[in-house]
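First residue of the sequence shown: 353, per the numbering used here; consecutive thereafter. The C-beta atom is built at its ideal place from N, Cα and C for all residues, glycine as well. Here the structure comes first, spelled out in structure tokens, and everything after it is commentary.
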Amino acid sequence: MDLETLRDASHDLLDDMVALRRTLHQWPEIGNDLPITRENVLEALDGLPLDVTLHETTSGIAALLEGGKPGPTVLLRGDMDALPLVEDTGLDFRSRSEGSMHACGHDTHTAMLVGAAKLLSAQRTGIAGRVLFMFQPGEEGNHGARFMLDEGLLDLPPARSDGSPSPVTAAYALHITSVLPTGWLSSRGGSIMAAADTMYITVKGRGGHASEPYRALDPIPIACEIVQALQTMITRRIDVFDPAVVTVGKIVAGTVNNIIPETAQIEGTIRAVSERTRRAVHDGIRRVAEGIAAAHDAEVDVVLEDGYPVTINDKSQADIALELASGLVGADKTIRMPNPIMGAEDFSYVLQEVPGAMVFLGGTHAERSLATAAPNHSNRVMFDEQAMITGTAMYAAMALNHLRS
Ligand SMILES: [Zn+2]
Ligand SMILES: [Zn+2]
Numbered sequence: 353m354d355l356e357t358l359r360d361a362s363h364d365l366l367d368d369m370v371a372l373r374r375t376l377h378q379w380p381e382i383g384n385d386l387p388i389t390r391e392n393v394l395e396a397l398d399g400l401p402l403d404v405t406l407h408e409t410t411s412g413i414a415a416l417l418e419g420g421k422p423g424p425t426v427l428l429r430g431d432m433d434a435l436p437l438v439e440d441t442g443l444d445f446r447s448r449s450e451g452s453m454h455a456c457g458h459d460t461h462t463a464m465l466v467g468a469a470k471l472l473s474a475q476r477t478g479i480a481g482r483v484l485f486m487f488q489p490g491e492e493g494n495h496g497a498r499f500m501l502d503e504g505l506l507d508l509p510p511a512r513s514d515g516s517p518s519p520v521t522a523a524y525a526l527h528i529t530s531v532l533p534t535g536w537l538s539s540r541g542g543s544i545m546a547a548a549d550t551m552y553i554t555v556k557g558r559g560g561h562a563s564e565p566y567r568a569l570d571p572i573p574i575a576c577e578i579v580q581a582l583q584t585m586i587t588r589r590i591d592v593f594d595p596a597v598v599t600v601g602k603i604v605a606g607t608v609n610n611i612i613p614e615t616a617q618i619e620g621t622i623r624a625v626s627e628r629t630r631r632a633v634h635d636g637i638r639r640v641a642e643g644i645a646a647a648h649d650a651e652v653d654v655v656l657e658d659g660y661p662v663t664i665n666d667k668s669q670a671d672i673a674l675e676l677a678s679g680l681v682g683a684d685k686t687i688r689m690p691n692p693i694m695g696a697e698d699f700s701y702v703l704q705e706v707p708g709a710m711v712f713l714g715g716t717h718a719e720r721s722l723a724t725a726a727p728n729h730s731n732r733v734m735f736d737e738q739a740m741i742t743g744t745a746m747y748a749a750m751a752l753n754h755l756r757s
């Protein structure tokens, strides 16, 4: 099937995808337990020739399509969860669930993956291998992909037709983004998204009267020194060509102006695009916090929690995806990203197991300014549903390309 035909087939599915997307948008759910979302997806998949596995540790759905000829399995991922925000878009189909919103576009991902399941089911006889549709909850910090992998997502039975093994040999995901116009596609080989870890530092002093700091041990200036020194550590000790970000997003200490508190707490996020730098930053944070606390005779407790690992695209899979993108939307709308972005993704866990690629899909209407369009995670973000035509065709193209007979 050529790319133009795929695009037309995807276009024909747009009304269905828009309807599903709007239902999901009205009933957003957060985390790993998404009962309403799961029901809607199952209803939309009903009647397709899929072997559906309902995951038990989460609301994940694994749906397997077997082609007419033997071959390997390709995985397509769509995430389904929303964010804790009060929507402020004014859309007719805005969230009916107060305090939850599909502000990262996962409603479009889910609708597109259902669209791809329909499109590929119709092409089934010509497919040499299988397509595993991974409907994933809990992407926004809840490790949904990890749960699905741990529950055996990749442990597939042999092919039904001839009993031959058909392992997952490629995995692809799309993510809609406000930073590209509708229908543009971008990706890159190697690191594409950062690791995101969390840091908790507690400086332990001794409380006392604010007028007599020498009788106490004030944790506040020590905490301030640590915050400043972390930035020096990042710029002086981390390779600028393998960068990292440490941002302190929260400091808590004290109650009123005339009391020296016992403790000061610092919280922040750590981003890096290689494991090497990630570990160097963790070591640096400990060294700086412990060293500064020791210099002032205070104690410090440093807790560094690992979040999602670096998302690393397989180089040749990214090249394949970019070539398909270029054929689908044109070379002028296909971007080979010069740098990774500092956001994080739990599709990283899938890419640790299977070579594949994450691809970004433009979702800002061509008539709106990219500079001022509300970004992903904003309570005002609005994605152009026309982008789903490109996205669904791209999902299908990546699968079909991998399963050519
Ligand atoms: Zn997000
Ligand atoms: Zn997202």
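Open item on the list: According to DSSP, simplified to helix, strand and coil, what is residue 696?
Closed with: coil
Open item on the list: Any residue with its C-beta under 6 Å from a non-hydrogen atom of ligand 1 counts. Can you list them all in chain order?
Closed with: 456, 492, 728, 729
Open item on the list: Within the continuous alpha helix (DSSP H) that includes residue 588, where are the two ends?
Closed with: Looking at the DSSP string, the run of the alpha helix (DSSP H) that includes residue 588 is 571 to 589.
Open item on the list: Using the Cβ count rule (16 or more neighbours within 10 Å means buried), how would you classify residue 698?
Closed with: Around the beta carbon of residue 698, 16 or more other beta carbons sit within 10 angstroms, so the residue counts as buried.
Open item on the list: Threshold first: 3 residues or longer. Then list the beta strand (DSSP E) segments lying entirely within the region 663 to 696, N to C.
Closed with: 663 to 665, 686 to 688, all fully within the region 663 to 696.
Task: residue 373: first and last residue of the uninterrupted beta strand (DSSP E) it sits in - done: First-last for residue 373: 366 to 378, but that is the alpha helix (DSSP H), not the beta strand (DSSP E).
Open item on the list: For residue 608, count the other beta carbons within 10 Å of its own beta carbon; 16 or more makes it buried, fewer makes it exposed. Which is it?
Closed with: exposed
Open item on the list: Rounded to the nearest angstrom, what separates residue 477 and residue 534 at their Cα positions?
Closed with: 32 Å
Open item on the list: In whole angstroms, give me the CA-to-CA distance for residue 678 and residue 487.
Closed with: 26 Å
TODO: Provide the residue span of the beta strand (DSSP E) that contains residue 619, from first to last.
DONE: 615 to 624
TODO: Confirm, please, whether the CB-CB distance from residue 358 to residue 751 is below 7 Å.
DONE: no
TODO: Would you please state the rounded distance, in angstroms, between the beta carbons of residue 380 and residue 453? I believe it to be under 8 Å.
DONE: 6 Å
Open item on the list: Just to confirm the assignment: which complete beta strand (DSSP E) runs, minimum length 3, are found wholly within the region 456 to 523?
Closed with: Taken in chain order, the whole beta strand (DSSP E) runs of length 3 or more contained in the region 456 to 523 are 480 to 488.
Open item on the list: Is the separation between the beta-carbon of residue 670 and that of residue 610 shorter than 7 Å?
Closed with: No; because the gap between Cβ atoms is not below 7 Å, this pair is not in contact.
Open item on the list: Could you tell me the alpha carbon to alpha carbon distance between residue 384 and residue 687, rounded to whole angstroms?
Closed with: 32 Å
Task: Residues of its chain near residue 409, where Cβ-Cβ distance is below 6 Å and the 5 sequence neighbours each way are ignored - done: 499, 503, listed in sequence order.
TODO: State the Cα-Cα distance for the pair residue 727 and residue 544, rounded to the nearest angstrom.
DONE: 18 Å
Task: Distance between residue 494 and residue 322 (C-alpha atoms, nearest Å) - done: The structure shown does not extend to residue 322, since the chain spans only 353 to 757, so no value can be given for it.
TODO: Rounded to whole angstroms, what's the CA-CA distance from residue 614 to residue 572? Just pull it up for me.
DONE: 9 Å
TODO: Using only alpha-carbon positions, find the residue among 354, 589, 602, 472 that is nearest to residue 484.
DONE: Taking only the C-alpha atoms, the option nearest residue 484 is 472.
Open item on the list: For a quick check, are the C-beta atoms of residue 539 and residue 361 less than 7 Å apart?
Closed with: no
Task: Own chain partners of residue 579 with C-beta closer than 8 Å, once the 5 adjacent residues on each side are dropped - done: 600, 603, 618
TODO: Using a threshold of 7 Å, state whether the C-beta atoms of residue 457 and residue 528 are closer than that.
DONE: yes
- [ ] Indicate whether the contact test is met: 3 or more Cβ pairs, each with one atom in the region 388 to 399 and one in the region 360 to 379, closer than 8 Å.
- [x] yes
Open item on the list: Quick check: what's the CA-CA separation for residue 552 versus residue 575?
Closed with: 12 Å
- [ ] Identify every residue that forms a DSSP beta bridge with residue 740.
- [x] Its beta-bridge partners do not exist; DSSP assigns none.
TODO: Along the alpha helix (DSSP H) that carries residue 387, what are the first and last residues, could you check?
DONE: From DSSP, the alpha helix (DSSP H) with residue 387 extends over 387 to 397.
- [ ] Leaving out five residues on either side along the sequence, give the residues of the same chain with a beta carbon under 6 Å from the beta carbon of residue 536.
- [x] 685, 714
- [ ] Go ahead and label residue 723 buried or exposed: buried means 16 or more other beta carbons lie within 10 angstroms of its beta carbon, across all protein chains shown.
- [x] exposed
Open item on the list: Taking the straight line between their C-alpha atoms, what separation do you get for residue 594 and residue 629?
Closed with: Using only the alpha carbons, I get a separation of about 7 Å.
TODO: Could you tell me which residues DSSP puts in a beta bridge with residue 638?
DONE: Bridge partners of residue 638: none, in fact.
Task: Those residues which DSSP pairs with residue 400 across a bridge - done: Answer is none; residue 400 lacks a bridge partner.
TODO: With a cut-off of 8 Å on the beta carbons, I'd call residue 427 and residue 415 a contact; round off their distance for me.
DONE: Wrong, their Cβ atoms sit about 11 Å apart, outside the cutoff.
Task: As assigned by DSSP and simplified to three states, the class of residue 450 - done: In the structure shown, residue 450 sits in coil (DSSP, three-state: anything other than H, G, I, E or B).
Task: Limits of the unbroken beta strand (DSSP E) element including residue 764 - done: The requested residue 764 is not part of the displayed model; the chain covers only 353 to 757.
Task: Burial state of residue 470 (16 or more Cβ within 10 Å) - done: Around the beta-carbon of residue 470, 16 or more other beta-carbon atoms lie within 10 Å, marking it buried.
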